[in-house]
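Respectively, the protein sequence lines represent chains F and R.
Counting from 1, one number per residue, gives the positions in the first sequence under my numbering.
Counting from 1001, one number per residue, gives the positions in the second sequence under my numbering.
For each residue, glycine too, the CB sits at the ideal point set by N, CA and C.
2 protein chains.
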Amino acid sequence: MDMQESSQVEPPHPAADVLEHVGYRLKRAHAALRAAMDQVLREHGLTVPQYACLEVLAARPGLSNAELARATFVTRQSMNVVLRGLQDEGLVTRPSTVDRGRARPATLTDEGRRRLDAAQVAVYAVETRMVRALPDGRLAALLADFDRIAEALTD
Amino acid sequence: MDMQESSQVEPPHPAADVLEHVGYRLKRAHAALRAAMDQVLREHGLTVPQYACLEVLAARPGLSNAELARATFVTRQSMNVVLRGLQDEGLVTRPSTVDRGRARPATLTDEGRRRLDAAQVAVYAVETRMVRALPDGRLAALLADFDRIAEALTD
DNA sequence: TCGAGTATGTCAAAGTCCTGACATCGAGTT
DNA sequence: AACTCGATGTCAGGACTTTGACATACTCGA
């Protein structure tokens, strides 16, 4: 484990092992992904939370606001704002009333499906750049590590 | 959290299976870390951006606002708000004027150092939970993968 | 010397997200 | 039936972050 790529040769403090921490590196990788997705999604008129909502909704139609919030790791309130924006743009529809309970199932409109399909091409290109940067055969282990981290911290 | 696409007989984008949703899993791991840090830092009266700023400042004293922003992956404007809050609490000091240039070096106060030391104990416990969830010997590879991802996406 | 280019700090406005709170709905229990 | 409990939708307020813009300050080359 020799990581001699520390580019800071003249900092007053050599104890900059913050940069070695797992949390820092995870944060950095996530920030890079977020920035890359922001950039490509802007060309499609979508934000990252909006895209995430559409993507989940395509795979699991009929999810409620709270369910979408959990699936995208935001609060119900945040998802409510996102969902309202998507409805105003005509990409998502929700019935104004339901027969039973309070949860209103959200579904993609045809326009929503078209916008998602177009955006997915760009987003998948970003993911491909990410995957190709990894050594062969390490992807599965990386995914497993992600799951272990998430599971260990959500107890 | 399985994306059961069995409802779609023929998913329009089969490439998603190849990529295994790396972005989604990375996002999930980061969200879990963020939530865990939020929780433990609240007991110390610090937000995650505030803690990140203090941590970087402890390792590299004298960094300017813009440098801190880059080190913590936020904009200069965001870091400016964080830094002002930390100054109001007396955890960080910046000279009102400098001899040369515009960048004003920020440094921790004694109180800032104490708050950071106390918070670090809690944060390191979170990181320990994360690391212990990984198989033996996987940490180095995981860190390398994080770096590869960040590098591949920041072009 | 002058100019272009780059980096920094700051302001304004908007968007995003969160915590806290409240009311509603369903399921289960008493 | 009345109650508790959990889940949901919603509102209000605040905290955080971003984009866009502008002025200032250094660097470098013509």
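- Within chain F, no C-beta atom comes nearer than 8 Å to that of residue 1106 of chain R; the closest sits roughly 14 Å away.
- Exclusion of the five residues before and after residue 109 of chain F leaves 90, 91, 92 and 93 as the residues of its chain whose Cβ lies within less than 7 Å of its Cβ.
- Counting along the chain, the unbroken alpha helix (DSSP H) around residue 117 of chain F starts and ends at 110-132.
- Note on geometry: alpha-carbon atoms of residue 1122 of chain R and residue 1041 of chain R lie some 7 Å from one another.
- For residue 1098 of chain R, no alpha helix (DSSP H) segment is defined, and its DSSP state is neither H nor E.
- Around the beta carbon of residue 52 of chain F, a 10 Å sphere encloses 16 or more other beta carbons of the protein chains shown; the residue is thus reported as buried.
- DSSP, read as helix, strand or coil, puts residue 1056 of chain R in helix.
- Here residue 93 of chain F is bridged, per DSSP, to F/107.
- By the neighbour-count criterion, in which a residue is buried when 16 or more other Cβ atoms sit within 10 angstroms of its Cβ, residue 1077 of chain R is exposed.
- Close to residue 130 of chain F, with beta-carbon spacing below 9 Å, are these residues of chain R in chain order: 1019, 1022, 1023, 1026, 1148, 1149, 1152 and 1153.
- Judged by pairs of C-beta atoms under 8 Å, the segment 1114-1128 of chain R touches the segment 1052-1070 of chain R, as three or more such pairs exist.
- For the options F/96, F/138, F/85 and F/137, the alpha carbon positioned closest to that of residue 112 of chain F is the one of F/85.
- The Cβ of residue 89 of chain F sits no closer than 9 Å to any Cβ of chain R.
- Scanning its chain for C-beta atoms nearer than 6 Å, with the 5 sequence neighbours on each side dropped, one finds around residue 1049 of chain R the residues 1082, in chain order.
- Straight-line measurement puts the Cα of residue 105 of chain F at about 7 Å from the Cα of residue 95 of chain F.
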